[in-house]
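Asks: Just so you know, we're using this note's numbering here: the sequence shown kicks off at 31 and counts up by one.
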Amino acid sequence: MLEQVQVRRSEVCQKLLKFKSDESVQEEQLKEEQKALDMISLMIDEMETSQTEAEERITSLEQDVKRLNKNLNDVQQEYHTCYTKLESLRNLAERYEGYGQSIRRVMEAKDRVKGIHGVVADLITTEKTYETAIETALGGSIQNIVTDSEQTAKQLIEYLKKNKYGRATFLPLTSIGGKNASVRKRR
């Protein structure tokens, strides 16, 4: 019986040694797994920080996009308003709105009749500060029509009479006194 106890004790000791050996292997594995877990936790923290920073950046960029879109819409609205005004003013200038009927009719014939330079108001340029003074000084003469020659002026007078469009004053360049009387075309 003593022998059996000895054998049994020996088996238990071997099992104990084996368990201790297994325990130390598992402790090593546990340490390695703990290191891996710590590393992964650190990576997760870094990624969460990066994600937070990225989300803040996205929010900031979205606000920038909204602000820029608002600015774009405002500028587009202003452009369309200005463009509409320009087109209206262009149409007024092309149709010579604000001028008498006879002047409008003569200016409509400008493409068909050679030698019409335009009305005095279109041919004179000055600094902004002098515009009112020039307009006042010229008075009604600002609507006079400048032509190349007296012949062109006579032709246009006949045109106005024939169609009963009214009267207009013509300034033929050939009959204007002065040494340097010339008209430069506006671009």
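Even glycine gets a Cβ: it sits at the ideal position worked out from N, Cα and C.
What number of angstroms, rounded off, separates the C-alpha of residue 204 from the C-alpha of residue 180?
Replies: As a position in the sequence shown, residue 204 is number 174, starting the count at 1. As a position in the sequence shown, residue 180 is number 150, starting the count at 1. So the alpha carbons of these two residues sit roughly 7 Å apart.
Asks: Go ahead and pull the three-state DSSP assignment for residue 95.
Replies: The residue you call residue 95 lines up with position 65 of the sequence shown. Reduced to three states, the DSSP call for residue 95 is helix.
Asks: What are the residues that DSSP puts in a beta bridge with residue 148?
Replies: Along the sequence shown, one-based indexing puts residue 148 at 118. 176.
Asks: When the Cα atoms are used, what is the spatial distance from residue 217 to residue 152?
Replies: Position 187 of the sequence shown, counted from the start, is the residue given in the question as residue 217. Position 122 of the sequence shown, counted from the start, is the residue given in the question as residue 152. Model confidence at residue 217 stands at a pLDDT of 46, short of 50, so the residue's coordinates are unreliable; what they give is reported in the following sentence. If you take the alpha carbons of residue 217 and residue 152, they lie about 11 Å apart.
Asks: Would residue 145 and residue 114 be called neighbours here (beta carbons separated by less than 8 Å)?
Replies: On the sequence shown, position 115 is the one that residue 145 refers to. On the sequence shown, position 84 is the one that residue 114 refers to. Not closer than 8 Å, so no.
Asks: Quick one: what's got a C-beta closer than 6 Å to residue 201's C-beta in the same chain, skipping five residues either side?
Replies: By one-based count along the sequence shown, residue 201 stands at place 171. Cβ neighbours of residue 201 beyond the five flanking positions: 174, 176.
Asks: Would the stretch 120-138 count as touching the stretch 189-199 if we require 3 or more Cβ pairs under 8 Å?
Replies: Result yes; three or more Cβ-Cβ pairs closer than 8 Å.
Asks: Following the continuous beta strand (DSSP E) through residue 201, name the residue where it begins and the one where it ends.
Replies: Residue mapping note: residue 201 aligns to position 171 of the sequence shown, counting from 1. That run of the beta strand (DSSP E) goes 200-202.
Asks: DSSP on residue 211, reduced to helix/strand/coil?
Replies: Counting from one through the sequence shown, the residue named residue 211 turns up at place 181. Unreliable placement is indicated for residue 211, whose pLDDT of 48 sits below 50; no coordinate value is reported for it.
Asks: Count the other CB atoms, across all protein chains shown, that sit within 10 Å of the CB of residue 110; report buried if there are 16 or more and exposed otherwise.
Replies: Numbered from 1 along the sequence shown, position 80 holds the residue referred to as residue 110. So residue 110 counts as exposed.
Asks: Could you tell me the alpha carbon to alpha carbon distance between residue 197 and residue 159, rounded to whole angstroms?
Replies: As a first step, residue 197 is located in the sequence shown; it is residue number 167 there, counting from the start. As a first step, residue 159 is located in the sequence shown; it is residue number 129 there, counting from the start. Whole-angstrom Cα-Cα distance: 32 Å.
Asks: Can you tell me whether residue 89 is buried or exposed? The criterion is at least 16 other CB atoms within 10 Å of its CB, across all chains shown.
Replies: Residue mapping note: residue 89 aligns to position 59 of the sequence shown, counting from 1. It counts as exposed.
Asks: Does the distance from the CB of residue 185 to the CB of residue 150 come in under 8 Å?
Replies: If you number the sequence shown from 1, residue 185 lands on position 155. If you number the sequence shown from 1, residue 150 lands on position 120. Going by C-beta atoms, residue 185 is not nearer than 8 Å to residue 150.
Asks: Please work out which residues of its chain come closer than 8 Å, Cβ to Cβ, to residue 129, disregarding the five sequence neighbours upstream and downstream, and give them in chain order.
Replies: Mapped onto the sequence shown, residue 129 falls at position 99. If we look at residue 129 and ignore the five residues flanking it on each side, its Cβ neighbours are 137, 149, 173.
Asks: What did DSSP end up calling residue 127 once you bin it into helix, strand or coil?
Replies: Numbered from its first residue, the sequence shown carries residue 127 at position 97. DSSP places residue 127 in coil when its eight states are reduced to three.
Asks: Please classify residue 211 as buried or exposed, where buried requires at least 16 neighbouring CB atoms within 10 angstroms.
Replies: Here residue 211 corresponds to residue number 181 of the sequence shown, with the count starting at 1. With a pLDDT of only 48 at residue 211, under the threshold of 50, the placement of this residue in the model should not be trusted; the figure read from the coordinates follows. So residue 211 counts as exposed.
Asks: Helix, strand or coil: how does DSSP classify residue 217 here?
Replies: Taking the first residue of the sequence shown as 1, we reach residue 217 at position 187. Confidence in residue 217 is poor, its pLDDT being 46 and thus under 50, which makes the residue's placement unreliable; the coordinate value appears in the next sentence. Coil, per DSSP.
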